[in-house]
Amino acid sequence: MTTYDYIIVGGGSAGSVQGNRLSARSSNQVLLLEAGIDTPHNQVPEEILDSYPGKVYFNPKFIWNGLRVHIGPQSHNNPDERPPSKQYEQARVMGGGSSINGQLANRGAPTDYDEWGEKGAEGWSWKACLPYFKKIERDLDFDDEYHGQKGRIPVRRIFQDQWPEYVKGIAAALEDQGIPYLADQNGEFKDGYFPVTMSNLYDRRVSAAIGYLDPQTRRRENLHIESEIQVKEILFEGTKATGVVAVQRGQEHTFKANEVILCSGAIHSPAMLLRAGIGPVGHLHDLGIDVRLERAGVGQNLMEHAAAAMSAWMPPEARLNDITRRHIHLGWRYSSNMHDAPPGDMFGAVVAKSAWHAVGDRLGSMLAWVNKTYSTGQLTLSSADWRAEPNVEFNMLSDTRDLERLMDCYRRMVGIFTSAAMQKVTRDPFPSAYSERVRKVGTVTTKNKILTGILAEMLDGPSWFRKWLIGSFITEGDNIMTLMSDDEALADYLKRSVTGTWHASCSNRMGRADDPMAVTDNQGRVHGAQGLRVVDASIMPCVPCANTNFPTLMTSEKIADTILNES
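For the sequence shown, position 152 (counting from the first letter as 1) is numbered 134 according to this note's numbering, and the numbering increases by one without interruption.
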């Protein structure tokens, strides 16, 4: 039996980087395992390549179906009264989140990475991380001390002259409030609005799999890629990981390795550790799992960005133009100046097409989130069975600092949507939420295409009829006037309708060995284990003020360098 130098479990953003970088050294034998389908050159599904992601990120073909989570705050007084569980879209496809996400190439704030270092992840700081952000990218618009020109992921922006009228209306409303325009969100970190940076070339997505697992990389004789294969068990001799057992199309396979690298994300990586007997002792005992290593932090400190949205009907002349398939052109970063939060602690993304279907064509939105998050949740096993999804409780808005800043943000959004500039390009603004009803209609089916086509035609009718349709079929009965006149109603609405931004992170956080809640060291090595490492968003000590894809790529690039320097 071949013994690989490295087995990488998960071909997502972090795993694609690891596969490329570790196999660049010809003496390394590298095996990359991905549970979803592969996406080699000339076989990337059209939905993934599409610059508009609305047909891929809710597509059952590319996600872990059956992964349901509790998003909102958990009551301390009634712990059994959980918020309802909802499907949570996590990618199950080569390239991971980068194959289905909104393609936002956001780095976060310098303070994020300095905080990682302060929380015990020695060697992580903005100064240490910036070179790796630059290493990822080939920036098509800027060439200065903040940007790279030789990376595997092209990044670009769509500037104001190509924005649809709806987006120009938002920009005008922000200008009227004195908010400055920034040409480059990833340049000097400042508040303002800007054309969002995206991982996209020629109006096509460039995922981590496309960028890092390109044809030349795949031809390396020492890189072995297996897809549609799920790891059932990590093999150990004592506390040393020696390989994995995986199931592919009903067949069980055993692979041996000198080092196992988990790149399965902030939900599935901690679940694998727990099933391997690494985690909180009490929880493992409850499930009848023998304790291999006591690490109380496994599955704890789970973080996400709490988000809320507002939408409005757009007349035909304000809708997405035919220049691009992109639907997110403008981002807005601001400092709340509340609760001693760092600069740039809040973020808004302007969405010129709210869903893939005909109703989505007519609704412009803004999704805003708490960029600097304080609330934390947890992940536990529902069963020792490797096929069972874990219990996930995000506990969003449980920290009042998050709730109060999101309330303040919502009031700001209402101010934008009711401004004179926006009244020229929209009508009938309303609170919009990613409810179960919206999610069901958002699934790509022929039935939904027909239903939304009929509803869309009706939305273009008289204003009174449109307001009735919005209240009856789109919202859950909430309206802006009530939310703005009653703080309690607004707080209740946000706690009820809060959604995540698919930025799960921090559940195997880096830290010092003597920190009982730290799971990994500053290079992703699991404390107390040998030959076992985690490299993905789960090792972040706190979630950055950013969409997590580029911070994940950066993290993987930085650790890959260390691995190569060690060997």
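Ideal Cβ placement from N, Cα and C applies to all residues, glycine included.
Output the distance between the C-alpha atoms of residue i and residue j, rounded to the nearest integer angstrom.
{"i": "residue 230", "j": "residue 419", "result": "35 Å"}
{"i": "residue 568", "j": "residue 116", "result": "No information on residue 568 is available, as it lies outside the stretch -17 to 549 that the chain covers here."}
{"i": "residue 171", "j": "residue 147", "result": "27 Å"}
{"i": "residue 444", "j": "residue 175", "result": "34 Å"}
{"i": "residue 301", "j": "residue 544", "result": "48 Å"}
{"i": "residue 522", "j": "residue 257", "result": "21 Å"}
{"i": "residue 368", "j": "residue 214", "result": "6 Å"}
{"i": "residue 439", "j": "residue 92", "result": "47 Å"}
{"i": "residue 499", "j": "residue 282", "result": "8 Å"}
{"i": "residue 76", "j": "residue -11", "result": "16 Å"}
{"i": "residue 385", "j": "residue 196", "result": "43 Å"}
{"i": "residue 29", "j": "residue 198", "result": "24 Å"}
{"i": "residue 201", "j": "residue 1", "result": "12 Å"}
{"i": "residue 308", "j": "residue 436", "result": "24 Å"}
{"i": "residue 212", "j": "residue 306", "result": "37 Å"}
{"i": "residue 549", "j": "residue 244", "result": "18 Å"}
{"i": "residue 160", "j": "residue 153", "result": "11 Å"}
Just to confirm, are residue i and residue j a CB contact at a threshold of 8 Å?
{"i": "residue 547", "j": "residue 520", "result": "no"}
{"i": "residue 134", "j": "residue 118", "result": "yes"}
{"i": "residue 399", "j": "residue 413", "result": "no"}
{"i": "residue 486", "j": "residue 248", "result": "yes"}
{"i": "residue 328", "j": "residue 396", "result": "no"}
{"i": "residue 404", "j": "residue 151", "result": "yes"}
{"i": "residue 23", "j": "residue 374", "result": "no"}
{"i": "residue 54", "j": "residue 477", "result": "yes"}
{"i": "residue 239", "j": "residue 502", "result": "no"}
{"i": "residue 273", "j": "residue 259", "result": "yes"}
{"i": "residue 4", "j": "residue 511", "result": "no"}
{"i": "residue 181", "j": "residue 278", "result": "no"}
{"i": "residue 242", "j": "residue 514", "result": "yes"}
{"i": "residue 508", "j": "residue 517", "result": "no"}
{"i": "residue 378", "j": "residue 473", "result": "no"}
{"i": "residue 345", "j": "residue 331", "result": "no"}
{"i": "residue 441", "j": "residue 433", "result": "no"}
{"i": "residue 149", "j": "residue 334", "result": "yes"}
{"i": "residue 626", "j": "residue 194", "result": "Limits of the chain in this structure are -17 at one end and 549 at the other, which puts residue 626 out of reach."}
{"i": "residue 173", "j": "residue 316", "result": "yes"}
{"i": "residue 338", "j": "residue 37", "result": "yes"}
{"i": "residue 124", "j": "residue 169", "result": "yes"}
Figure out for me which residue from the options has the closest Cα to the Cα of residue i.
{"i": "residue 532", "options": "99, 57 and 111", "result": "111"}
{"i": "residue 225", "options": "194, 237 and 214", "result": "237"}
{"i": "residue 580", "options": "368, 171, 433 and 359", "result": "Nothing about residue 580 can be read from this structure; the chain reaches only from -17 to 549."}
{"i": "residue 82", "options": "527, 187 and 284", "result": "187"}
{"i": "residue 104", "options": "528, 506, 545 and 517", "result": "506"}
{"i": "residue 255", "options": "232, 221, 234 and 288", "result": "221"}
{"i": "residue 122", "options": "77, 106, 80 and 184", "result": "184"}
{"i": "residue 422", "options": "402, 365 and 456", "result": "456"}
{"i": "residue 267", "options": "340, 179, 194 and 364", "result": "364"}
{"i": "residue 205", "options": "16, 8 and 48", "result": "8"}
{"i": "residue 387", "options": "339, 132 and 321", "result": "321"}
{"i": "residue 69", "options": "416, 304, 11 and 341", "result": "416"}
With H, G and I counted as helix, E and B as strand and the rest as coil, what does DSSP make of residue i?
{"i": "residue 371", "result": "coil"}
{"i": "residue 295", "result": "strand"}
{"i": "residue 5", "result": "helix"}
{"i": "residue 124", "result": "coil"}
{"i": "residue -12", "result": "strand"}
{"i": "residue 101", "result": "coil"}
{"i": "residue 89", "result": "coil"}
{"i": "residue 164", "result": "coil"}
{"i": "residue 439", "result": "helix"}
{"i": "residue 210", "result": "coil"}
{"i": "residue 67", "result": "strand"}
{"i": "residue 269", "result": "coil"}
{"i": "residue 362", "result": "strand"}
{"i": "residue 548", "result": "helix"}
{"i": "residue 446", "result": "helix"}
{"i": "residue 119", "result": "strand"}
{"i": "residue 502", "result": "strand"}
{"i": "residue 550", "result": "Within the shown structure, residues of the chain are numbered from -17 to 549, placing residue 550 beyond reach of any answer."}
Run through the DSSP bridge pairs and tell me what residue i is partnered with.
{"i": "residue 176", "result": "313"}
{"i": "residue 182", "result": "187"}
{"i": "residue 236", "result": "227"}
{"i": "residue 512", "result": "222"}
{"i": "residue 346", "result": "294"}
{"i": "residue 481", "result": "289"}
Measuring only between beta-carbons, confirm whether residue i sits less than 8 Å from chain D.
{"i": "residue 496", "result": "The question asks about chain D, but that chain is absent: this structure has only one protein chain."}
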